[in-house]
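J.: Following UniProt numbering, the numbering of the sequence shown begins with 1 at its first residue and continues without gaps.
Yeah, the Cβ is synthetic: ideal placement off N, Cα and C, and Gly gets one too.
Treat the numbers as computed from the prediction; the structure is a model and nothing was measured.
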Amino acid sequence: MATRNRGRGGRRRKLPKVQRVGAYAVIIRAGAAAEPEILLSRLSEKVTPEERWTLPGGGIDHGEDPRDAVVREVYEEAGVPVEVGVEARVYSVHQAKAWRLGRRVNSHAIRIVYDGWVPHDAPAPQTMEVDGSTAEAAWLPLAAVVSGEIPTSPLVTEALEVHKPARMQRLAAYAFITRTSDDAILLTRISPLGYHSGSWTLPGGGIDFGEQPREALVREVAEECGLTCEVGVLLDVHDVKITGTAPSGRHEEFHGVHLIFAATVPDGAEPRVVEEGGTTDDVGWVTRDELAGLPLLDVVTAALDAEKKAAS
Numbered sequence: 001m002a003t004r005n006r007g008r009g010g011r012r013r014k015l016p017k018v019q020r021v022g023a024y025a026v027i028i029r030a031g032a033a034a035e036p037e038i039l040l041s042r043l044s045e046k047v048t049p050e051e052r053w054t055l056p057g058g059g060i061d062h063g064e065d066p067r068d069a070v071v072r073e074v075y076e077e078a079g080v081p082v083e084v085g086v087e088a089r090v091y092s093v094h095q096a097k098a099w100r101l102g103r104r105v106n107s108h109a110i111r112i113v114y115d116g117w118v119p120h121d122a123p124a125p126q127t128m129e130v131d132g133s134t135a136e137a138a139w140l141p142l143a144a145v146v147s148g149e150i151p152t153s154p155l156v157t158e159a160l161e162v163h164k165p166a167r168m169q170r171l172a173a174y175a176f177i178t179r180t181s182d183d184a185i186l187l188t189r190i191s192p193l194g195y196h197s198g199s200w201t202l203p204g205g206g207i208d209f210g211e212q213p214r215e216a217l218v219r220e221v222a223e224e225c226g227l228t229c230e231v232g233v234l235l236d237v238h239d240v241k242i243t244g245t246a247p248s249g250r251h252e253e254f255h256g257v258h259l260i261f262a263a264t265v266p267d268g269a270e271p272r273v274v275e276e277g278g279t280t281d282d283v284g285w286v287t288r289d290e291l292a293g294l295p296l297l298d299v300v301t302a303a304l305d306a307e308k309k310a311a312s
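(1) Give me the Cα-Cα distance between R219 and G205, rounded to the nearest whole angstrom.
(2) Any idea if S181 is buried or exposed, counting beta-carbon neighbours within 10 angstroms, 16 or more meaning buried?
(3) Determine the contact status of V237 and V257, defining contact as a CB-CB distance below 8 Å.
(4) To the nearest angstrom, how far is it from the Cα of R288 to the Cα of H120?
(5) Going by DSSP in three states, L235 sits in which element: helix, strand or coil?
(6) Looking at T127: is its Cβ nearer than 8 Å to the Cβ of A78?
(7) Given a cut-off of 8 Å, decide if A144 and P125 are closer than it, judged by their beta-carbon atoms.
(8) Based on the DSSP output, what are the partners of D282 in its beta bridges?
(9) By DSSP, does R67 sit in helix, in strand, or in coil?
(10) Report the rounded CA-to-CA distance for E224 versus L187, giving the unit in angstroms.
(11) In whole angstroms, what is the alpha-carbon distance linking Y24 and R170?
(12) By the three-class DSSP mapping on this structure, what secondary structure does R72 have?
(13) The alpha helix (DSSP H) spanning K308 covers which residue range?
(14) By Cβ distance, which residues of its chain are closer than 6 Å to A98, with the 5 residues on each side in sequence left out?
(15) Three or more C-beta pairs closer than 8 Å, one from the segment 237–257 and one from the segment 154–162: is that the case here?
(16) Considering only the beta carbon of each residue, do L259 and L234 sit closer than 8 Å?
(17) Go ahead and label T245 buried or exposed: buried means 16 or more other beta carbons lie within 10 angstroms of its beta carbon, across all protein chains shown.
(18) What's the C-alpha gap between D282 and E211?
(19) On the premise that R29 lies in contact with H251, defined as a C-beta separation below 8 Å, what is that separation, rounded to the nearest angstrom?
(20) DSSP on A222, reduced to helix/strand/coil?
(21) Using C-beta distances below 6 Å, list every residue in its chain close to D131, excluding the 5 sequence neighbours before and after it, in chain order.
(22) Can you tell me whether R111 is buried or exposed, with buried defined as 16 or more other CB within 10 angstroms of its CB?
(23) What runs of the beta strand (DSSP E), each 3 residues or longer, lie entirely inside the UniProt domain "Nudix hydrolase" (18–162)?
Take a look at the structure:
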């Protein structure tokens, strides 16, 4: 085989230099009750006869922005829309003797790896490019990929070794509202778009930059419940730390800081879901006896504990 690299007179022939720049994405998702999964592409037999999974992505066309290349390649390989982060990691692989497209070459691959995320309602992965380098795409258990149970390219291992979820801190205001007639509590249910889908929580939400917390709470209660509330005293400051998939689809390490206020609404007020297709899919008055049968977020428990302390 060595003679193939020698020319006339026995001189060693220089292999043609091939440099390729590619862009890829680490795309991870995990619900509140689900194990983390990663979106990977399986290389076709044109590339390797063995089962081998890699990050979705590929070569950058001349003049193409790398982030645009990721969006294009992920759609071609998996059939899903993807959003791409701003920061990236760069890997360089030099193989002096590599087999590419039926010949030996001096290969240099530069791989730009971004964090990416897909919407919650994205379709199941489906390879759009026919007879290409990708045989299929799928969500695979992250633990099985990390352990090596699922065979992957070195790029996957290298990227996951340094991957960290995006950090997100959110300041929010919530209302503890009771009904005077039966002491029921006003709660909202989180839709499938939210992290704790199906759980019940207090009405409220994120405080916009520069927004006064009490004004933010009035706005959120109106948006979620269709009610005008009057905000009272601050009952408690609660916080929660979660690692999972945000409503945007991004894999995040989330820190939520929650300001819990006492609040009131007019007598006889009946709540209704105002925002269609949002993170709230139901609202209602819940009696104290009914609380035990519902999946409640910790912020509800924190409000109840604060109520007891205030009464003692």
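T.: The relevant details are as follows:
(1) The alpha-carbon atoms of R219 and G205 are separated by roughly 9 Å.
(2) So S181 counts as exposed.
(3) yes
(4) 33 Å
(5) strand
(6) yes
(7) Taking 8 Å as the cut-off, the Cβ atoms of P125 and A144 do not count as close.
(8) Its beta-bridge partners are R189.
(9) helix
(10) 10 Å
(11) If you draw a straight line from the Cα of Y24 to the Cα of R170, it comes to about 29 Å.
(12) helix
(13) Its alpha helix (DSSP H) spans residues D298 to A311.
(14) V105 and S107
(15) no
(16) yes
(17) buried
(18) Their Cα atoms are separated by approximately 26 Å.
(19) 7 Å
(20) When secondary structure is reduced to three states using DSSP, A222 falls in the helix class.
(21) none
(22) buried
(23) 37–43, 57–59, 83–100, 103–117 and 134–141
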